[in-house]
Each structure stands twice: as structure tokens, then as C-alpha cells.
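With the working numbering as the guide, the letters of the sequence shown map in order to residues 20 to 411.
Backbone N, C-alpha and C define an ideal beta-carbon position, used for all residues, glycine too.
Worksheet: the structure to be examined is printed underneath.
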Amino acid sequence: MKKATKIIRAGLDKKRNAGAVNTPVVRASTVVFESVAAMRDATDRATKNREKVLYYGRRGTPTHWTLQEALTALAGGADTVLAPSGLGACTLAILACVKAGDHILVTDSVYEPTRNFCAGFLKRFGVETSYYDPLLAEGVAALLQSNTTLVFCESPGSLTFEIQDIPAIAAAAHRHGAKVAVDNTWASPLFCNPLALGADLSIEAGTKYIVGHSDAVIGAVTGTADAIEGVHRASAALGIAVSPDDAYLATRGLRTLAVRLARHQDNALRIALWLQQRPEVKRVLYPALPSDPGHGIWKRDFSGASGLLGVVFKQTSAAAVAALIDGMELFPLGYSWGGFESLIAPLAPGGARSARPWAEPAPGIRLHIGLEDTEDLMADLDQGLARFRKAL
Ligand SMILES: Cc1ncc(COP(=O)(O)O)c(C=O)c1O
20 MKKATKIIRA
30 GLDKKRNAGA
40 VNTPVVRAST
50 VVFESVAAMR
60 DATDRATKNR
70 EKVLYYGRRG
80 TPTHWTLQEA
90 LTALAGGADT
100 VLAPSGLGAC
110 TLAILACVKA
120 GDHILVTDSV
130 YEPTRNFCAG
140 FLKRFGVETS
150 YYDPLLAEGV
160 AALLQSNTTL
170 VFCESPGSLT
180 FEIQDIPAIA
190 AAAHRHGAKV
200 AVDNTWASPL
210 FCNPLALGAD
220 LSIEAGTKYI
230 VGHSDAVIGA
240 VTGTADAIEG
250 VHRASAALGI
260 AVSPDDAYLA
270 TRGLRTLAVR
280 LARHQDNALR
290 IALWLQQRPE
300 VKRVLYPALP
310 SDPGHGIWKR
320 DFSGASGLLG
330 VVFKQTSAAA
340 VAALIDGMEL
350 FPLGYSWGGF
360 ESLIAPLAPG
370 GARSARPWAE
380 PAPGIRLHIG
390 LEDTEDLMAD
400 LDQGLARFRK
410 AL
């Protein structure tokens, strides 16, 4: 089955759904059993065999299983563990791969709260983190230490948009016995399959494109049979539970992912090409542009581009960027991205970098290109750029 078909069919189970197309929201804490033997059997099947069997609400209900099965089928993994946020999925994947005394390698382009987790929480538990240049590819081999258990990637980075060479990184990590986890949120499982590229764990902030409507926060980790077992264990040990309402919203969003992303991509490419021609603009950070340094690997490893891009100005100032942003009509200012709507935020990625400094002029802007008509979006951006020039 092609991915667009899997997105529609995966996880649908008429029996589970009492005949309804969509799995209803099943809320449960206590589940009651017919007998002690039935209780033991359900518990063992769920906790030992990882079967989708209802035994206690914290560990999932049919609403969660539908989403898990759909994401597993799309990512081509063995199973999916849900998390209460995208950041929760990143930290769960990392925790599953480390113990005190270990070392991990994390891309310098990583989402900042993931970096903060490594620098603070992980360090307290005796796990050291080094940051590596996202463009290193097989060069990460030189940074692997005898105690390195994980190489964490994010491709492209959600602020600086470098595309990483996952097959080369995975080959180096695996030769060394380390696992590879990829934050795949920008591409979503529709446009990139990190597991097929050699990663062990693929992470989604479902909050973005999977939910797609900016009204729920959820995360997911899909993995190979070998790697996902550790994530199941970490999730169970930490008492991680996901609201069935949010799982339902994520599944509902997922069913239209292919049509939404096609439009995000179309709109974003148009706007990126238009922005590239603007005299104020030095660079548009968007791997689908042929001029982007990551374009070759993006073409090799991805089947599409989403709606998030960065803009670097030739000359800039905080006041000019504020003048641009504050007057926007169709690009509200806000965190996150991946909903149906366009969004804008200032872009100043330099502060958190340590392995490969970000030397471009800052601040720039980060745009999420939504599903609106691009003529309206360009007219709004055109006025914003006029305010920018005036305030410079
Ligand atoms: C690349 C990336 N990963 C993870 C996250 C975290 O997702 P959430 O907001 O659901 O915790 C974000 C959020 O912006 C993100 O951009």
C-alpha cells in the first residue's frame, strides 16, 4: 500500500470500533475482569507480549491503539509508544537508551528544550551529552566514545533547517553499537521514514502536522522491534499516560495528513521562491529549494517538504523584525507550527549552538505556511517587508 492509502486504512478495525469507521474515545482507568485467570491473562498479554489488550487505562485503550497502529504502519516500525507531548517523546526516546555513566551525541541543530533536557536533567543522572555538527555525516564516527549509546538527530532542524545524512550517521553509530533516534517532526511520517534510512527510533511531535489543527499536544516514538521495547519499559516505569481525547484528535488529524501536507508544500515552495527574489532576503532556509545546501540529501531521503521555513535577512535589527511581525494580519505570532494556519516567529538560532556556530545575521523570521491562498499570504508579507525596511 502507498502511504496515502495507509494513512486512511491503518488502524481501522471494525470489530474494535463496534461498526463505526472511527474508533470512539474510550476513557478508562479501571477495567473489570470476569475472573482472576482473565485478569492475569490480560495483564500478561499487555505487559509481556505488548499485545493491544485492555487491562488498565494508563497503558492505553482502543483509542490509543488505533493511533499507534496507524503510526507504526506509516513509519514501517515494529510498534509505537505515545507520549503526552512531542518533547515528552524526545525525552522518552533518550531515556530508553541511557543509564548512568553513558554518553550521547546530540545534533547542534536540536530543538532547544530537548537540548535543555540533556544539559540539565540527564546530566543530573550521570549521562553526558556532546553536541555535533549536523552536517558531519559519517564524521560522527570520530566523536563516538566507548560509552556512547545514542546518536540523536533532528532533520531538518526546526530553526536552521540543515538536512542530516541519516544513513551515514546510522552506519557509523551501529558499527559502534550505539542506537540512532531521529526527530522527524518537520517531515512527518508521510515525507520521511527514518527507520528505512537506518534509524532505530523515529520521533514525532504529533502536536504539529499529525494533529494538524493546533488544538492538542501529543508525541509518538516508533521503533524497530529491538529499540521500541526499551521505550515501552521507560514509558511504563515513568507512568506516562496520554489522554484518549488527544489520541482521538491525533488519529482524526492523521487521516487528512496527505492532502494537508500536499497543500502546505505547494504553498511553502511558492512563498520560498518569492521570498528568495526579495531584495531584503539573504537566504531562505527550506530544503526543497534547489539552492539549499541540504537539497541533494533531501531529494534522496525525503518524498516531500512541509510548510515550515526560515528567512535570513541581509541586514536586520530586532526593531525591524518586530515591526514586520507586529503588523501581520494572516501570520499570527506564536509558538509551535503544523496547524492549518500560517504563523510567524522571530528566528535567532545562534544562542544555543556550540559545535557549529550559526553565523547568519539575526534575527530573521520563521514562517509556518498554512493552507490559505498564497496571494493573500504574499500581500501580507509584502506589507510586512515594507514595515521592516522602514524600521531598519
Ligand atoms: C522539532 C520539534 N520537536 C519537538 C517539539 C516539541 O513538541 P511539543 O510542543 O508537542 O512538545 C517541537 C515543538 O515545537 C519541535 O519543533
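{"Item": "When the distance is taken between beta carbons, is K22 closer than 8 Å to L124?", "Value": "no"}
{"Item": "Any idea what DSSP makes of R271, helix, strand or coil?", "Value": "helix"}
{"Item": "In whole angstroms, what is the alpha-carbon distance linking L349 and Q164?", "Value": "48 Å"}
{"Item": "If you measure from each residue's Cβ to the nearest non-hydrogen atom of ligand 1, which ones come out under 6 Å, in chain order?", "Value": "S104, G105, L106, C109, Y130, E173, S177, D202, T204, A224, T226, V236, G238, S355"}
{"Item": "For D401, count neighbouring Cβ atoms within 10 angstroms of its own Cβ and tell me buried if that reaches 16, exposed if not.", "Value": "exposed"}
{"Item": "Shorter than 7 Å, the distance from the beta carbon of T179 to the closest heavy atom of ligand 3, or not?", "Value": "What this structure holds is ligand 1, not ligand 3."}
{"Item": "Let's test the definition: count the other Cβ atoms within 10 Å of the Cβ of R28 and tell me whether it reaches 16, buried, or not, exposed.", "Value": "exposed"}
{"Item": "Can you tell me whether P153 is buried or exposed, with buried defined as 16 or more other CB within 10 angstroms of its CB?", "Value": "buried"}
{"Item": "Hey, how far is the Cα of D395 from the Cα of K71?", "Value": "47 Å"}
{"Item": "When DSSP labels each residue in this structure, what does I384 get in the three-state scheme?", "Value": "strand"}
{"Item": "Which residue or residues does DSSP assign as beta-bridge partners of G217?", "Value": "Partner(s): none; G217 has no beta bridge."}
{"Item": "Taking only runs of the alpha helix (DSSP H) that begin and end inside the segment 144-211, which ones reach a length of at least 4 residues, in chain order?", "Value": "185-194, 207-210"}
{"Item": "CA-CA distance, K118 and D264?", "Value": "33 Å"}
{"Item": "Count the CB pairs spanning the segment 276-283 and the segment 140-152 that are closer than 8 Å, and state whether there are at least three.", "Value": "no"}
{"Item": "I'd like the span of the alpha helix (DSSP H) that includes T85, first residue to last.", "Value": "81-94"}
{"Item": "Is the segment 105-117 touching the segment 80-91 in the sense that three or more CB pairs, one from each, lie closer than 8 Å?", "Value": "no"}
{"Item": "Whose C-alpha, out of G120, D219, T335, is nearest the C-alpha of F144?", "Value": "G120"}
{"Item": "For N286, is the classification buried or exposed, using 16 other Cβ atoms within 10 angstroms of its Cβ as the cut-off for buried?", "Value": "buried"}
{"Item": "Run the CB neighbour count on S254, radius 10 Å, all protein chains shown included, and call it buried at 16 or more, exposed below.", "Value": "buried"}
{"Item": "Please work out which residues of its chain come closer than 7 Å, Cβ to Cβ, to T243, disregarding the five sequence neighbours upstream and downstream, and give them in chain order.", "Value": "G96, A97, L214, D219"}
{"Item": "Roughly how many angstroms separate the alpha carbons of P376 and M20, rounded to a whole number?", "Value": "43 Å"}
{"Item": "Quick one: any contact between the segment 188-207 and the segment 38-56, if contact means 3 or more CB pairs under 8 Å?", "Value": "no"}
{"Item": "How do the segment 266-277 and the segment 126-142 stand: do at least 3 beta-carbon pairs fall below 8 Å, yes or no?", "Value": "no"}
{"Item": "Look at V14 and I222 and say whether their C-beta atoms are less than 8 Å apart.", "Value": "This structure gives no information on residue 14, because the portion of the chain shown stretches from 20 to 411."}
{"Item": "With a CB to CB cut of under 7 Å and the five nearest residues on each side skipped, what residues in its chain are close to S336?", "Value": "L411"}
{"Item": "Can you tell me where the alpha helix (DSSP H) with P316 in it begins and where it stops?", "Value": "The sequence shown places Ile at residue 316, not Pro. Element bounds for I316: 314-320."}
{"Item": "Can you give the beta carbon distance from V170 to A156, rounded, assuming they're within the 8 Å contact cut?", "Value": "Actually they do not touch by this definition, with Cβ atoms about 12 Å apart."}
{"Item": "Are the Cβ atoms of P351 and L366 separated by less than 8 Å?", "Value": "no"}
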